[in-house]
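Report on the following structure.
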Amino acid sequence: AGVRVVMADGRRYAWARDPDLAPFVMETAGCGIAEAVALYAQADVAVTPDSGSLWFAHAAKIPVVYWEGVSDAKAIMSEFPLPPDRYRVLHQAAQVDCVPCGEHAAACDWSYKCQRNMPKDWFVSETVAGVLALAGSPV
């Protein structure tokens with residue numbers, strides 16, 4: 322059956338369109354709140370670069386793969402009520418020689434190179450590894 326992954330705006334990311342993964346990615350972009358909550362309830366893992374989605378995942382009691390890029394994961398995850406074994410942080414900014422925007426006042430002029438120039442192979446392998454590692458962890 323596969324691991325069911327939920328994320329907002331997932332189809333814009335190359336890994337989520339991968340033919341082997343796409344059937345298992347549930348998209349919340351364009352959903353109303355009730356539909357999004359239902360998708361999170363069906364998911365095994367959430368993948369997100371956004372703190373709002375973390376709260377949906379918390380309510381659904383599912384683990385999270387969090388992409389640190391625009392947001393500072395240390396600050397975000399310190400306020401998020403999941404224990405460290407229930408989430409993985411992918412430090413995507415480090416892959417393109419950058420730091421989270423909050424640490425340098427968007428020296429990139431908000432071009433989001435941390436998201437746009439991500440090495441696809443690293444992004445896919447790390448995201449999938451995080452999803453699979455967390456899918457087996459107890460709720």
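In this note's numbering, the protein residues as written are 322 to 460.
Idealized CB from N, CA, C, for every residue including glycine.
Model, not experiment: these values are computed from the prediction.
Asked	Found
May I ask you to report which of helix, strand or coil DSSP gives residue 411?	strand
With burial defined as no fewer than 16 other Cβ atoms inside 10 Å of the residue's Cβ, what is the status of residue 374: buried or exposed?	buried
Indicate the three-state DSSP secondary structure (helix, strand or coil) for residue 348 in the structure shown.	strand
Excluding the 5 residues flanking residue 371 on each side, which residues of the same chain have their C-beta closer than 7 Å to its C-beta?	329
Residue 361 and residue 380 - do their beta-carbons sit closer together than 8 Å?	yes
Leaving aside the five residues before and after residue 402 along the sequence, list all residues of the same chain whose C-beta is less than 7 Å from its C-beta, in chain order.	379
Would you give the residue range spanned by the alpha helix (DSSP H) that residue 447 belongs to?	441–456
Under the DSSP definition of a beta bridge, which residues are partnered with residue 368?	386
Can residue 469 and residue 366 be called in contact, C-beta distance under 8 Å?	Residue 469 lies beyond the stretch modelled for the chain, which goes from 322 to 460, so this question has no answer here.
How big is the Cα-Cα spacing for residue 415 and residue 389?	9 Å
Take residue 453 and list the residues in its own chain whose beta-carbon comes closer than 6 Å to its own, dropping the five residues that flank it on each side.	none
Quick one: what's residue 327 bridged to in DSSP?	347, 367
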